[in-house]
Structure formats: structure tokens, C-alpha cells
Amino acid sequence: QGTGHIWLDDMSCTGSEDNLAQCQARPWGQSNCNHGEDAGVVCSGTVAEEIQVRLANGPNRCAGRVEILHRQQWGTICDDGWDLKDAKVVCQQLGCGAAVAAPGRAHFGQGSDPIWLDDTECTGMETSFSQCSLSSWGLHNCNHEEDAGVVCSGLGGMLKCPPKKGVLSRTGGQAALVGRQ
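Counting in the UniProt record's numbering, the final residue of the sequence shown is number 181, and the numbers go up one at a time with none missing.
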């Protein structure tokens, strides 16, 4: 049981929300509950591992042939079903702005083995490529003449840095990041 104020009551979520603020509930801080009714969650513990993505053989880091890292080896993606929704997720993950084009047919040159994925399917709402519907690794009916590409609106002058995990605290007039980095 918790202690203190109960902030949310009568929560109603559909499961498609990104956070609790998007669920229906009584106004913030208005409840008729006691701590004997506190809610909790149990997470499955399965988190999709982030897939590393890069763009190769393009004019800048935000345009090129899509390559992904799997088992410590870079490989390509077949262009079967490849579209702007897939490109949008790649551009977003790389911090390269919006997707402008999703060229196939090895527009940025043919990669080398392996071809890791075929028939990828993103909705365009994912924040990273690992959240898309992906076929089995290494199973495809393609050759490198079908390597997928991406052209993003950004030039990629600024590298996107992943957020550091931890809390910022001030000690002796200096800021320090405490926790995992």
C-alpha cells in the first residue's frame, strides 16, 4: 500500500495509449479511494532490443542504403514492401528529420551479404526500427539488386545522442549525472 495523496482514480485505458495521461480518468487529484485499492502492474520483462541502423553510400549520413546490425555483422534490407512508413522510422531513429523518399532497387548501390530482412512493415508511428513488424532474420527471396534505401529531410550535421539514464544532481556547485550511463 502506498501513502499520501491518490492522484488518479477510475482509470480507463484502451491499451493504445503511450502514457497514462492519455487514458480516461477522474480529474487529477480527485478520488474516492483509499490505499487498500492501490493499483500495480507486472511487466513481462521482454523489451525489444534496439536494432542499430545506418545509411551507407549516400551523399550524407541521412541518405543512403539502409544497413542494420545483427550478430555483430552489418547487412541490408530487401525492398519488398519498403515504403515511406519504413523510411520514416529509420529517419526518426537516426535523428535525420522526415522521410522524403524510400528508394529501392539498390538506388545507393548494392550492399554485401548478408541480406538480413525482407518484407518489413512499419506503421510510421514507431520510434525505432526494432518496434516494426520484422520477418525472420536472414530469410528472404531477394538479391542485392533489391537493397532498400532512405532519403531523409535532414543533412545529419548534428549527431543524435541517446539520452543518458540517471538523475541530475548538484553537488558543490557542479552538476553530476548519477546512475547508469
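Don't be surprised by glycine CBs; every beta carbon is placed ideally from N, CA and C. These figures come from a predicted structure and were not determined experimentally.
Tell whether a beta-carbon distance below 7 Å holds between alanine 102 and leucine 84.
-> In the sequence shown, the residue the question calls residue 102 occupies position 102. In the sequence shown, the residue the question calls residue 84 occupies position 84. A contact, by the Cβ cut-off of 7 Å.
Beta-carbon proximity check, glycine 104 vs tryptophan 82, cutoff 7 Å | What you label residue 104 is simply residue 104 of the sequence shown in a count that begins at 1. What you label residue 82 is simply residue 82 of the sequence shown in a count that begins at 1. Cβ distance < 7 Å, so glycine 104 and tryptophan 82 count as in contact.
Starting from alanine 87, trace the alpha helix (DSSP H) both ways and give me its first and last residue.
-> Within the sequence shown, residue 87 is the residue found at index 87, counting from 1. Per DSSP, the unbroken alpha helix (DSSP H) holding alanine 87 starts and ends at 84-94.
Can you tell which of Glu17, Gly111, His140 has its C-alpha closest to the C-alpha of arginine 65?
-> Walking along the sequence shown from the start, residue 65 turns up at place 65. If we check each option's Cα against that of arginine 65, Gly111 comes out closest.
Tell me where the beta strand (DSSP E) around tryptophan 7 begins and ends.
-> On the sequence shown, position 7 is the one that residue 7 refers to. Looking at the DSSP string, tryptophan 7 is not in any beta strand (DSSP E), and its letter there is neither H nor E.
Boundaries (first-last residue) of the beta strand (DSSP E) holding proline 114 | Position 114 of the sequence shown holds residue 114. From DSSP, proline 114 is part of no beta strand (DSSP E); its letter is neither H nor E.
Please list, in chain order, all residues of the same chain as glycine 109 whose beta carbon is under 7 Å from its beta carbon, the five residues on each side excluded.
-> Position 109 of the sequence shown, counted from the first residue, corresponds to residue 109. When the five nearest sequence neighbours on each side are left out, the beta carbons in the same chain lying within less than 7 Å of the beta carbon of glycine 109 are those of Asn57, Arg65, in order along the chain.
Looking at C-alpha atoms only, which residue of Gly4, Cys142, Gly154 is the closest neighbour of glycine 75?
-> The sequence position of residue 75 within the sequence shown is 75, counting from 1. The option with the nearest alpha carbon to glycine 75 is Cys142.
Buried or exposed by the 16-neighbour rule on C-beta atoms within 10 Å, applied to aspartate 38 = Taking the first residue of the sequence shown as position 1, residue 38 is located at position 38. Classification of aspartate 38: exposed, given that the 10 Å Cβ count is below 16.
Straight-line CA distance for serine 16 to serine 130?
-> Taking the sequence shown and counting its residues from 1, one reaches residue 16 at position 16. Taking the sequence shown and counting its residues from 1, one reaches residue 130 at position 130. Their Cα atoms are separated by approximately 18 Å.
So threonine 76 is in the beta strand (DSSP E); what residue range does that whole segment cover?
-> Within the sequence shown, residue 76 is the residue found at index 76, counting from 1. Residues 73-77.
Rounded separation between glycine 2 and glycine 36 - CA only | Start at 1 with the first residue of the sequence shown, and residue 2 comes out as number 2. Start at 1 with the first residue of the sequence shown, and residue 36 comes out as number 36. Straight-line Cα distance between these residues: approximately 8 Å.
Alpha carbon to alpha carbon, what distance is there between glutamate 50 and lysine 164?
-> In the sequence shown, counting from the first residue as 1, residue 164 sits at position 164. In the sequence shown, counting from the first residue as 1, residue 50 sits at position 50. Confidence at lysine 164 is low in this model, with a pLDDT of 39, below 50, so the placement of that residue is unreliable and no value is reported for it.
Do glycine 95 and serine 153 have their CB atoms nearer than 7 Å?
-> For the purposes of this step, residue 95 is taken as the residue at position 95 of the sequence shown. For the purposes of this step, residue 153 is taken as the residue at position 153 of the sequence shown. Not a contact, by the Cβ cut-off of 7 Å.
When the cut-off is 7 Å and only beta carbons count, does threonine 127 lie next to chain C?
-> Of the protein chains in this structure there is only one, and it is not chain C.
Under the three-state reduction of DSSP, which class applies to glycine 36: helix, strand or coil?
-> As a working mapping, residue 36 is identified with position 36 in the sequence shown. In this structure, glycine 36 counts as helix in the three-state DSSP scheme.
Where does serine 130 fall in DSSP's three states?
-> Your numbering for residue 130 matches position 130 in the sequence shown. Reduced to three states, the DSSP call for serine 130 is helix.
By how many angstroms is the C-alpha of leucine 8 removed from the C-alpha of proline 27?
-> For the purposes of this step, residue 27 is taken as residue 27 along the sequence shown, with counting starting at 1. For the purposes of this step, residue 8 is taken as residue 8 along the sequence shown, with counting starting at 1. Approximately 8 Å between the Cα atoms of the pair.
Can you tell me which of Cys132, Ile77, Cys23 puts its alpha carbon nearest to the alpha carbon of leucine 139?
-> Numbered from 1 along the sequence shown, position 139 holds the residue referred to as residue 139. For leucine 139, the nearest C-alpha among the options comes from Ile77.
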